[in-house]
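A.B. asks: The sequence shown begins at 1 in our numbering and counts up by one.
Cβ atoms here follow ideal geometry from the backbone N, Cα and C, with glycine treated the same way.
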Amino acid sequence: MPEEKAASARASMAGPAQLDFPPIRNGVDYLLSAVDHLGSDRTDPRGIKYAVLHLHAAAEVLLKTRLVREHWSLVFDDPGQATERAFRSGDFKSCTLAQAVARLRNIAGITITAKEDDALGDLGRDRNALQHYGLTHNAHAVEARAGRVLDFLVRFLDDVLLPGLELDEVNAIGADMVRVRDGLIGVRAFITQRLRRLRGELQGREERTIHCPHCDQLAMVAEGETNRCLFCGAVVTTAEMMVYMYLGTPEDEGSLIGICPRCTQHTLVYDVHLATGERVTFCFSCPGPISTAADAPPADASGERR
Ligand SMILES: [Zn+2]
Ligand SMILES: [Zn+2]
Numbered sequence: 001m002p003e004e005k006a007a008s009a010r011a012s013m014a015g016p017a018q019l020d021f022p023p024i025r026n027g028v029d030y031l032l033s034a035v036d037h038l039g040s041d042r043t044d045p046r047g048i049k050y051a052v053l054h055l056h057a058a059a060e061v062l063l064k065t066r067l068v069r070e071h072w073s074l075v076f077d078d079p080g081q082a083t084e085r086a087f088r089s090g091d092f093k094s095c096t097l098a099q100a101v102a103r104l105r106n107i108a109g110i111t112i113t114a115k116e117d118d119a120l121g122d123l124g125r126d127r128n129a130l131q132h133y134g135l136t137h138n139a140h141a142v143e144a145r146a147g148r149v150l151d152f153l154v155r156f157l158d159d160v161l162l163p164g165l166e167l168d169e170v171n172a173i174g175a176d177m178v179r180v181r182d183g184l185i186g187v188r189a190f191i192t193q194r195l196r197r198l199r200g201e202l203q204g205r206e207e208r209t210i211h212c213p214h215c216d217q218l219a220m221v222a223e224g225e226t227n228r229c230l231f232c233g234a235v236v237t238t239a240e241m242m243v244y245m246y247l248g249t250p251e252d253e254g255s256l257i258g259i260c261p262r263c264t265q266h267t268l269v270y271d272v273h274l275a276t277g278e279r280v281t282f283c284f285s286c287p288g289p290i291s292t293a294a295d296a297p298p299a300d301a302s303g304e305r306r
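Here it is as structure tokens:
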């Protein structure tokens with residue numbers, strides 16, 4: 001019915017106070033571009049760069065769209081200084097992605113998990129690094145991290161944004177959403193395939209294989225002084241690893257650190273998720289799980305410390 005379509009188009013252009021800005025379609029468009037870049041030639045750093053930049057833009061648009069539904073002043077850096085005129089002209093300092101997450105949780109009551117928040121934080125850091133220095137991290141790590149944000153944004157669209165839309169708006173982005181979902185399946189498949197290829201290399205080392213803090217894959221092999229991720233190639237010293245563990249990795253594991261009864265180093269981490277599927281107490285210096293009873297410290301352990 002073309003007449004009906006034209007009428008609804010007019011209504012949305014000239015209609016009264018349609019404050020659904022910025023539009024979801026714009027966010028989905030960025031998402032689509034990110035997916036296309038992620039799916040393109042994986043050895044091309046430009047593809048990864050634009051995937052990250054556009055994924056970040058998509059996150060800003062989509063999260064802020066939900067904030068505007070709550071109240072338009074919430075997308076201002078300082079909502080206390082917000083004016084409707086500034087909002088309509090778009091001439092104002094907007095809140096950061098981190099502020100948007102906090103307001104969605106605290107004011108709009110939207111659930112965003114710690115993992116999802118971490119993924120957005122990582123993406124922000126990747127974006128800043130790419131803008132200032134180009135691709136300094138391993139492309140596989142950046143891609144794996146981007147995949148986590150893509151996962152979150154599709155979830156956010158499905159759970160939070162799409163249910164509030166009119167049917168014609170849902171239809172307007174329908175074709176793009178199909179492509180975004182296909183892209184997401186492709187990115188997941190890429191990660192699964194790569195992990196499958198690594199299975200042979202990891203075999204026999206499962207008891208020393210933990211989550212990589214860079215790409216969040218269960219593919220980092222502890223080697224004593226250093227830890228090497230077979231998925232993304234990151235090499236992290238055990239000293240750096242302790243900082244990650246202390247702050248909490250994306251898997252939220254091992255926030256408690258103690259002294260190893262086997263080697264007496266301060267590199268014992270509790271509740272570490274191993275590639276074997278177990279959660280164990282793990283020492284990074286004499287890499288492997290510790291069974292506290294069997295590995296009780298010798299009486300003069302403290303005197304042997306280096
Ligand atoms: Zn990694
Ligand atoms: Zn040890």
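1. Give me the Cα-Cα distance between leucine 67 and alanine 219, rounded to the nearest whole angstrom.
2. Going by C-alpha distance, which of Ile259, Asp44 and His56 is nearest valine 149?
3. Assuming alanine 275 contacts threonine 209 (C-beta within less than 8 Å), just tell me the rounded distance between them.
4. Look up threonine 249 in the DSSP assignment and say whether it is helix, strand or coil.
5. Kindly indicate which three-state DSSP category aspartate 271 falls into: helix, strand or coil?
6. Quick one: is the Cβ of phenylalanine 190 within less than 7 Å of any heavy atom of ligand 4?
7. Quick one: is leucine 153 buried, meaning 16 or more other Cβ sit within 10 Å of its Cβ, or exposed?
8. Closest by CA to lysine 49, which one among Glu206, Gly200, Thr96 and Ser33?
9. Can the beta-carbon of leucine 165 be found closer than 8 Å to that of isoleucine 24?
10. Just how far apart, CA to CA, sit leucine 161 and leucine 62?
11. Rounded to the nearest angstrom, what separates phenylalanine 92 and histidine 273 at their Cα positions?
12. I need the residues with a C-beta less than 5 Å from some heavy atom of ligand 2; please give them in chain order.
13. Under the DSSP definition of a beta bridge, which residues are partnered with phenylalanine 76?
14. Give me, in chain order, the residues of the same chain whose beta-carbon lies closer than 7 Å to that of leucine 104; leave out the 5 immediate sequence neighbours on both sides.
15. Count the other C-beta atoms from every protein chain shown that fall within 10 angstroms of the C-beta of alanine 100, then say buried if there are 16 or more, exposed otherwise.
C.D. replies: Reading off the structure:
1. Computed Cα separation, rounded: 37 Å.
2. Of all alpha-carbon atoms in Ile259, Asp44 and His56, the one lying nearest the alpha-carbon of valine 149 is that of His56.
3. Confirmed, about 4 Å.
4. Here threonine 249 scores only 49 on pLDDT, less than 50, and its place in the model should not be relied on; the value that follows carries that caveat. The answer is coil: DSSP assigns threonine 249 none of H, G, I, E or B.
5. It is a strand residue.
6. In terms of ligand content, the structure shown lacks ligand 4 and carries ligand 1 and ligand 2 instead.
7. Counting of Cβ neighbours within 10 angstroms places leucine 153 among the buried residues, the total reaching 16 or more.
8. Nearest option by C-alpha distance: Ser33.
9. If you check the CB distance, leucine 165 and isoleucine 24 come in under 8 Å.
10. Straight-line Cα distance between these residues: approximately 8 Å.
11. Phenylalanine 92 and histidine 273 have their C-alpha atoms some 45 Å from each other.
12. The set, ordered by position in the chain, is Cys260, Arg262, Cys263, Cys283, Ser285 and Cys286.
13. DSSP lists Ser94 as partners of phenylalanine 76.
14. Leu63, Arg66, Leu67, Ile110 and Ile112.
15. Burial is judged here by how many other beta carbons sit within 10 angstroms of a residue's own beta carbon; alanine 100 has at least 16 and is buried.
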